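End of the sequence shown = 954 in our numbering, gap-free, step of one.
In this text, a Cβ means the ideal position worked out from N, Cα and C, and glycines have one as well.
Source: prediction; values computed, not measured.
To keep things clear, I will list the structure first and then write my remarks on it.
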Amino acid sequence: MELVVGASSGAVKSLVGKLGSLLAQEYTLIRGVRDDIQYINDELASMQAFLNLLKRAPPPGGHDEQRQDWMKQVREVAYDIEDCVDDVSHRLGGEPRGSGIRVYLRRKWYLLRTLYARHCIASEIGNLKARAQHVSERRTRYGVGNPQTGNGSGNSAEANGPRDRPAPPPQLIGTMEPVGIEEAMKKLEQWIAKVNRDTGRQLRFLAIVGFGGVGKTTVAMALYNKLGDTFHYRAYVLASQKFNLLTVLRDLFKQLHEQQAGASKIDLNEIDGWKEGELKDMLASQLRGKRTYILVDDIWSVSTWENIRDNLPIREMGGSIVVTTRFKSVAEACRRQNGEVYEHEPLLEENSCKLFHQVISSSGFDCPSRFINREVIMKTCRGLPLAIIVVAGLVASKLRSDTGPKLYHHIAQVGKDLPDLENNPSTEGVTHIVNHCYNQLPAELKTCLLYLSMFPKGCLISRKRLIRKWIAEGFITEKHGKTDEEVAEDCFNELISRNLIRAVDNSNNGKVKSCQVHDMVLEYIFAKSRDENFITVVGGHWHTPFPCYKVRRLSIHKSDRQEKDMVQRMKLSHVRSLNTLGSFKSLHSTMAKFQILQVLDLEGCKDLSSDEFRKICSMHQLKYLSLRRTDIEKISERIGWLQYLEVLDIRETNVTRLPPSVERLQRMVHLLAGNKSKRIALTLSQEMTKMMALQTLSGIEIILSNELCPLAALENLTNLKKLTIYKLVRLNNDDDALQLQSAIEHLSSCSLKFLAIDDDFTGFLDKWLEDSKAPPEHLHTLGLLGKLSNVPDWVGNLHNLEKLTLSLTALRTETFLVLRRLPQLFSLIFSLDTAKNDASVLNVLHKNTLKSGGRVIVPKGLKKLKLLRFVAPVMPALSFMEGAMPELQMLELRFLMIEDVFGLESLKSLQQVVLVTSSSQAYKDAKAKATHIKELASKIPNGPRVAVYEYNYS
């Protein structure tokens, strides 16, 4: 089994490096311990060489049970030794160094104080040495012999590792229609039209059925996105194998409440405490007399379908409920309720080859259609979209150049390696293809992919969150002259290009913002991860037995009593990574057991107390700590104990200050804070400016004229790559603006690539932009929000700029004349906080419109712009000239009032138009304008998709 080899080899490779580092450090250990460590190091190095040999030369039928069992033993002893090594560095890390009488006395006290700890460490290392000996001897005793050499097939995994290739170009995700669903959409649109013609309040059911990987969810989501806005409300929920009614009802209520006009705003965090009866009553109140479209994805049983049907307020609502399922019994149950059933079929040959061609081309390779081996693709993939895209990703990973003949050769080779699905077009057949593609990955990518099993099914996974956790876990190291973050980005991009994970959304700079794992791929890596004791999941979408090994990484998806009891019975002292969703209650009584935790992700937990946070500060080896969207309001002084901390995420909390002890966090790389929507920011302190390793400082408030934190101290952060300022306070004189301007210009001359400033209408931006003598020429991203009267000429000289966000107060024709000189500009956003809908702001907007002759004219230029977005309460008339934005793919307008839009037909490359208005009856004109713009867009020759959304902005 290639997975076992990869996981065991990866564990040993990581440990050998740590042992060498431990020997190099001058810890005072009990006599003989260094010899034991050296023995363990040598023994593991030999084991690693043997594992590498197994990896390069796997037998045709895979490794036998004895060899697999031996490799698991190697992995477990390697994990335990690594735990011990990390414990040594923590418990003995403060040994005094130097000379002199004071150091001598301190050293004697240190030796006395750590005597017991050193004896415990010596005993544990002795036991681990004996275990390593026994594992080594057991291989010979039970005949785990050397593999046959000469088989080169195993080299492919390493050969297909992440390559030193350019980063993928910026792109927009989701602007292209899925391939081969035209016939399905035509039939299903007719059904929706029939539902819409129903003037009564009858609820209609539709089941889309087909086995895993055939594209059910793709069709269902395309229908949801295209026609969902023809109903009053719409919502999407996931059922899955481990169905939980309460979770589904809560998710439904949250989505529907956001769209409800005139409703009093409810704190959505409170909903998590509501009981089933309360939720049903509130849903009934929401849906009374409203036609609603509900999509329920991935129903596994008839009982689940009946549970959903019986617990929705069907009498109060009209519209439709659409479900997707792998099981015909569920579809038949839907049919018995006078529902419709649509059985989704695999792609035909033409569309299969079209999808294959699209995947290869999107990987950056020239892909002549004549070199696509159609027969092999159909036999291997049988028209199943998931099989096609992962096979295409595998083929693309083998290509370098001259893709025509090589493309044909690689497709033929894949056809030989994989049994065709011609006689087995099923879920099991697709799983076999996923298994083959997985086995082609190098160990590094396997580890990164397995880590995704920590996240629940259907979860949108942030790219930045993921790669920061990979780094903190030690999966990624610097190499080939690249930083660890650059290597992690390469690994992420490689998994995307191989289509083992799917890009869902992009940031405004065109990079992937979030990804998702297809259900079948996630189910596969979940099983692999469980078998390898890589990650233990509690309360997930699939049934999991109680772990038979020590728990190494723990992910808690649900925190009811059953899950709490399971966690309390586990051996948790070896857990290195902990991820919990929604609730912290299953961990309240177990916090003291996490002795060597390095990654702690509590994002979204609403029951984290100050006492629990103090316990977290005792986890001295923490590298990654996320408290995002928790209820934490104050950070304890004890946070200074976490001297290995590299990432602290306190976004969307009420934390506004950090204690002075943060100056001891000298390894801190990313400090993420603030709540943009609530205008909450973290006050910059002088202690924060002493964290010299900082690369990201996000969501801060700068209090000018503050003697406790002179702005000159900000210039100390010369490694800073990203700076976002949410607030400026006490801008009393020109000296304050000059000091902040000087600090920003200094940082821009060092490492700064991302700068965002919201001056909260204090006037700093106008002053700084006007007086700047050294504009930030190296920026890739710039955001200027607040009082911005005009855009100075030097902005047009920022030749590296890819993303630009400006205050709507700078929207005028002259602005576009400056911006069209930016050669790399990918996205342009004009934004204004709806809370700033006051007379002074409206007056500025009115003056800008008058200066532009009653409308803002977008002139010819901006040749590479692909995304244009306007977010504002009030928008002037926009007029696009011919050739204004020749490559624009997406236009997004969010407004409460808008004059009009002209010249849409000149945007020849437009693929998607998104219109977002208020659902309130007070803005009927906005709804009418949205309908008018939708009609204009529908007349564009290339036919862009148009989506209209209504939300409650009250």
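Between R679 and I703, the C-beta gap is not smaller than 7 Å, which leaves the two residues out of contact. The three-state reading of DSSP puts T292 in strand, counting E and B together. The alpha-carbon of N843 is positioned some 10 Å away from that of T849. S497 is not a Cβ neighbour of S361, given a cutoff of 7 Å. Excluding five sequence positions before and after V871, the CB atoms of its chain that fall closer than 6 Å to its own CB belong to S831 and R894, given in chain order. Residue pairing by DSSP places Y949 opposite V916 in a beta bridge.
For E882, the CB contacts under 6 Å within the same chain, skipping 5 residues up- and downstream, are S906 in chain order. Between the C-alpha atoms of L466 and N942 there is a straight-line separation of about 37 Å. When DSSP assignments are scanned along the region 709 to 772, the uninterrupted stretches of alpha helix (DSSP H) that are 4 or more residues long and fall wholly within it turn out to be 734 to 748 and 764 to 771.
Secondary structure of H480 (DSSP, three-state): coil.
DSSP places E343 in no alpha helix (DSSP H) but in the uninterrupted beta strand (DSSP E) bounded by E340 to E343.
Going by DSSP, Y644 is part of no beta strand (DSSP E) at all; its letter is neither H nor E. Y293 sits away from R335, with the two beta carbons spaced by 7 Å or more. Per DSSP, the beta bridge partners of Y624 are V599 and V647. Take F243, set aside five residues on each side of it, and the residues of its chain with a beta-carbon closer than 6 Å to its own are T304, in chain order. A Cβ-Cβ separation of about 7 Å places Q889 in contact with L910 under the 8 Å criterion. Between the alpha carbons of D925 and L808 lies a gap of roughly 21 Å. With a cutoff of 7 Å on beta-carbon distance, V913 and P873 are scored as not near each other. Separation of the CB atoms of I299 and T325 is rounded to 5 Å, and the pair is thereby assigned contact status at 8 Å. E892 sits in a strand when the DSSP states are folded into three classes. Boundaries around H436 are those of the alpha helix (DSSP H), T427 to N439, since no beta strand (DSSP E) includes it.
Straight-line spacing of the CA atoms in T230 and P659 works out to 52 Å. Annotation: the continuous alpha helix (DSSP H) that includes V359 extends over E349 to S362. For G318, the beta-bridge partners assigned by DSSP are R291.
The Cβ atoms of C437 and L386 lie no closer than 7 Å to each other. Taking each of W109, V85 and M454 in turn and checking the Cα distance to G126, the smallest one comes out for V85. Around the Cβ of A503, a 10 Å sphere holds 16 or more other Cβ atoms; the residue is buried. Rounded to whole angstroms, the Cβ separation of S329 and V302 is 6 Å, and the two are in contact under 8 Å. In the DSSP assignment, I377 falls within the unbroken alpha helix (DSSP H) covering R374 to C381.
Excluding five sequence positions before and after K615, the CB atoms of its chain that fall closer than 8 Å to its own CB belong to M591 and A592, given in chain order. Here A756 is buried: its Cβ has 16 or more other Cβ atoms, across all protein chains shown, within 10 Å.
Taken in chain order, the complete beta strand (DSSP E) segments of 3 residues or longer contained in the region 473 to 551 are 502 to 506, 512 to 516 and 536 to 538. Straight across, the Cα-Cα distance linking I471 with Q259 is about 39 Å. DSSP, reduced to helix, strand and coil, places R679 outside both helices and strands of the structure shown, so it counts as coil. DSSP, read as helix, strand or coil, puts V844 in helix.
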